[in-house]
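First residue of the sequence shown? That's 247 in this note's numbering, and the numbers climb one at a time after it.
Even for Gly, the Cβ is constructed at its ideal location relative to N, Cα and C.
Keep in mind it's a predicted model, so treat the numbers as computed, not measured.
See structure below.
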Amino acid sequence: MAGKLWGGRFKKDLDPVVKCFSYSLAVDGELLQAEIAVSQAHARMLARVRLISAAEGRRLVSALAQIGKKFEVKDPHEDPLAHYRKNTEDIHTFIQSELAKRVGDLAKKIHTGRSRNDLVVTSTLVYLKRTLPVLDQKIAKFEKAIVNLAEKAFDVVIPGLTHLRRAQPVLLSHHLLAYVGMLDRDRSRLRDALGRMDKLPLGAGALAGSSLALDPKFVARQLGFKGVAENSMDAVSDRDFVLETLAGLSILWVHLSRLAEDFILWNSEAFDYVRLDDSVATGSSLMPQKKNPDVFELIRGRAGVIFGNLLSSLTLLKGLPFAYNRDLQEDKPALFSAIHKTSLALEALAVTIDRCRISEKVRNWTAQDDFLYATDLLEHWVKKGISFQAAHERVGRLVRYAADREKNLGELSLSEFRKFLPGVDSGVYQLLDPWSSVSRKKTPGSTHPREVKKCLRVWKKRLSGV
Ligand code: ARG
């Protein structure tokens, strides 16, 4: 059995059911590589302040490197630590017992001046410092896939919706680029969170600090922290970085789920804007004709799990007394699961969007229901000097007149138009056209093709290094 880090005071071994209940290697094994780096920095520091000899420091650092190498995850379906789960309390115990196999009694010195309370926070922070930039790049790749699709769809006009009712014509590319903007904010939110993960907790010990002459500043420099935690109790109790990560990921998943919903609608026969590649769609075991957008549905469904992770972490921390409590172990399943799910989701979405085709039907779309030019008529009238409210009333009446007769605006005669909009000339019919509608927009950030093209260029440039 692997050694414990705390046996001396106890007469009995832990009950098997309590082990099974409380051991965490199956989850915190994820921290292995981060913790190897933390322990190497710690060993170097111990040698520097002469709590161990320089030769001991070197032996520990190299044995730690061997452990890191041996237990590297090569195949994501395999857990090299699976075999140790039953009898090893946690990743900290695991690393120390592996060290003992390599350096014997010297392993007992690695934990000098530290507690698992400050160690686990430090390793989790280092883990996030390594993982969040990887997620950032995956978001960027996904953004790039959307930008590519927007480029392919550049001149396609669709009826933009509000309340899921036809509102005004917009470029499909404009709609797609809205998502790129949202995702870019997600990246910046995660980067902000990462920016605050800059105070080293190691040195806080269990809660009170240490009477040993440790050098946390040195460890901080080694591990890429800007400074050292100012308060040892805050250092071991703080999980804001977990909350911030999960909050950032939750907002990201709000966006992913909204995008997924749009694509589910657009892929439905009712809309038929986009066609999915066979390699990213699935069939039905009963209905042979079916081709379903499961990736998007899973994204929509899985978003709830991520929000659950955030909520469970908030609840975990709410009212928790100072300083460390074992409850805090429960931060990790939520955090790791959210990170893994996000990473896979971004990859699957990037592939799915990359292989999306714009349907011919939407390319050739012209409005059958041309009420969505009502705002064009209204603004046309405002430009002629009629007050906005009066023009709104008149166009509203015109629409009601046409709707009552089950006619489109384009089917009304000029004299019918004139009943509502006196003095109108035949140029009014040119307003009822998708491309001319989008091309009349003037505000920055509008769906005007020139604006959209400019945005496409900006995004392509910003994402060119991805
Ligand atoms: N598995 C624990 C966690 O994740 C490690 C710290 C344990 N500390 C303790 N005093 N029991 O939080």
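Remark: C-beta atoms of A620 and V597 do not approach each other more closely than 8 Å. For R548, the uninterrupted alpha helix (DSSP H) segment begins and ends at 540-563.
Between the ligand ARG and N538, a heavy atom-to-CB distance of less than 7 Å is absent. In terms of Cβ geometry, K398 and I599 do not form a close pair [threshold 8 Å]. In this structure, L495 lies away from A386, with their beta-carbon atoms at least 8 Å apart. When the Cα atoms are used, G449 and V367 turn out to be separated by approximately 11 Å.
In the structure shown, Q535 falls within a coil segment according to DSSP collapsed to helix, strand and coil.
In summary, W705 is buried, with 16 or more beta-carbon neighbours lying within 10 Å of its beta-carbon over all protein chains present.
Exclusion of the five residues before and after L595 leaves F388 as the residues of its chain whose Cβ lies within less than 6 Å of its Cβ. The way I'd put it, the region 653-669 doesn't touch the region 682-698; fewer than three beta-carbon pairs between them come closer than 8 Å. Residue state for G473 is assigned as strand, using DSSP reduced to three classes. In this structure, D577 sits away from R412, with a CB-CB distance that is not shorter than 8 Å. With a cut-off of 7 Å, the C-beta of D274 is classified as near the ligand ARG, since at least one heavy atom of the ligand falls inside that distance.
Taking a 10 Å sphere around the C-beta of D432, we find 16 or more other C-beta atoms and assign the residue as buried. For L702, the shortest separation between its Cβ and any heavy atom of the ligand ARG does not lie below 7 Å. Ranking A454, D444, L458, D480 by CA distance to the CA of R467 puts D444 first. Listed in chain order, the non-local C-beta contacts of D461 below 8 Å within the same chain comprise M291, R294, V295, local neighbours out to five positions each way being set aside. Take the alpha-carbon of Q676 and the one of R708: they are about 37 Å apart. In this structure, DSSP gives T689 a state outside helix and strand, which the three-state scheme calls coil. Judged by their CB atoms, L498 and S559 are not nearer to each other than the 8 Å cut-off. Relative to the ligand ARG, the beta carbon of Y570 is positioned inside 7 Å of a heavy atom. Assigned with DSSP and collapsed to three states, R412 falls in strand. By the Cβ-count criterion, V264 is exposed, with fewer than 16 other Cβ atoms from all chains shown falling within 10 Å of its own Cβ. In its chain, beyond the 5 residues on either side, D325, L327, I337 have a beta carbon closer than 7 Å to the beta carbon of G275. The region 329-409 contains, as complete beta strand (DSSP E) runs of 3+ residues, the segments 403-408 (chain order).
Its Cα nearest to that of R362, the residue W252 stands out among K320, G427, W252. In this structure, C602 sits near V520, with a CB-CB distance shorter than 8 Å. If you check the C-beta of R362 against the ligand ARG, you find a heavy atom less than 7 Å away.
Contact annotation: L502 and A549 have beta-carbon atoms nearer than 8 Å. Assignment of R521 by DSSP, reduced to helix, strand and coil, places it in the strand class. R442 sits away from F471, with the two beta carbons spaced by 8 Å or more. Taking each of E625, N333, L374, S299 in turn and checking the Cα distance to Y269, the smallest one comes out for N333. In this structure, the alpha-carbon of G451 lies about 54 Å from that of N538.
DSSP places L446 within a strand segment (E or B) once states are collapsed to three. Using a 10 angstroms sphere on the CB of N477, the tally of other CB atoms stays under 16, which defines it as exposed. DSSP places T598 within a helical segment (H, G or I) once states are collapsed to three.
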